[in-house]
Structures are given as C-alpha cells and as structure tokens.
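The structure appears below as structure tokens.
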Amino acid sequence: MIEETINKFIEQAKTSDLKTRDYKDSYNGCVMKVSFGKGQVSNVPWIAFLLGRNEIRCGIYPVLLYYKKIQTIVIAFGIGSSFEPIVTGK
10 MIEETINKFI EQAKTSDLKT RDYKDSYNGC VMKVSFGKGQ VSNVPWIAFL
60 LGRNEIRCGI YPVLLYYKKI QTIVIAFGIG SSFEPIVTGK
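Residue numbering for the sequence shown follows our numbering, beginning at 10 and increasing consecutively.
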C-alpha cells in the first residue's frame, strides 16, 4: 500500500491539486497526514506518520519530503515548530 501511496503522491505533486481526501488516514498503526500546501502549492509537499500524541505542529515524527525542483524524496524526522516536541516513552 505505501508504494502505491507514494507513487500517487508524487504524481499529484506535479499538479496544482491540493486535495488530500483520497489518501488513507493511517498506515501501519500511525496516523498518516499528507499535504501539498495550504492555499497555494508547496514546493516541498510531504507525508507524515504520527504516533501517540504527536501532531504536525507539536511532536517528532517520520516524514517523507518531496523536493519537486530536484524530483527527490527525503526521509527525515519532522519536528513541530509551534510547541515543544512530545517524546513518547516506553
């Protein structure tokens, strides 16, 4: 499923379509969030995988970043910028 999702994501990133409703809400026990931009098309759309109380604006989470200009996907840890990250312990 994730390979299909990533291929769909890359193809949509080449357009001006910002809609994400056709993407699944979860993957492998994580909440999955997709963004192509808000109000305008982003140069770096992303897919984030959230666990526990982590959120896009508050947490630490794996994220796929697609740099459209160089047609490259980077796998990274996203760190929320608005609040202190929530670290989920054991």
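Note that the Cβ used here is the ideal one computed from N, Cα and C, for glycine as well.
Quiz prompt | Boundaries of the beta strand (DSSP E) in which residue 84 is found, first to last residue | solution = Element bounds for residue 84: 81-88.
Exercise. Identify the continuous beta strand (DSSP E) that holds residue 17 and give its terminal residues.
Key: Not the beta strand (DSSP E): residue 17 falls in the alpha helix (DSSP H), residues 11-22.
Quiz item: Unbroken beta strand (DSSP E) runs of length 3 or more, entirely within the region 23-47: which are they?
Solution: Here the runs fully enclosed are 39-44.
Self-check item: CB of residue 32 within 9 Å of CB of residue 53, strictly
Solution: no
Quiz item: Are the CB atoms of residue 129 and residue 56 nearer to each other than 9 Å?
Solution: Outside the shown range of the chain (10 to 99) lies residue 129, about which nothing can therefore be said.
Quiz item: Taking the C-alpha atoms as reference points, what is the distance between residue 47 and residue 67?
Solution: 18 Å
Quiz item: Say the cut is 8 Å; is the CB of residue 22 nearer than that to a heavy atom of the ligand GTP?
Solution: By its list of ligands, the structure shown contains no ligand whatsoever, and the ligand GTP lies outside what it can speak to.
Quiz prompt | Residues near residue 22 in its chain [Cβ-Cβ closer than 8 Å; skip 5 each side] | solution = 45, 54, 75, 77
Self-check item: Min CB distance residue 67 to chain B below 9 Å
Solution: The structure shown has no chain B; it contains just one protein chain.
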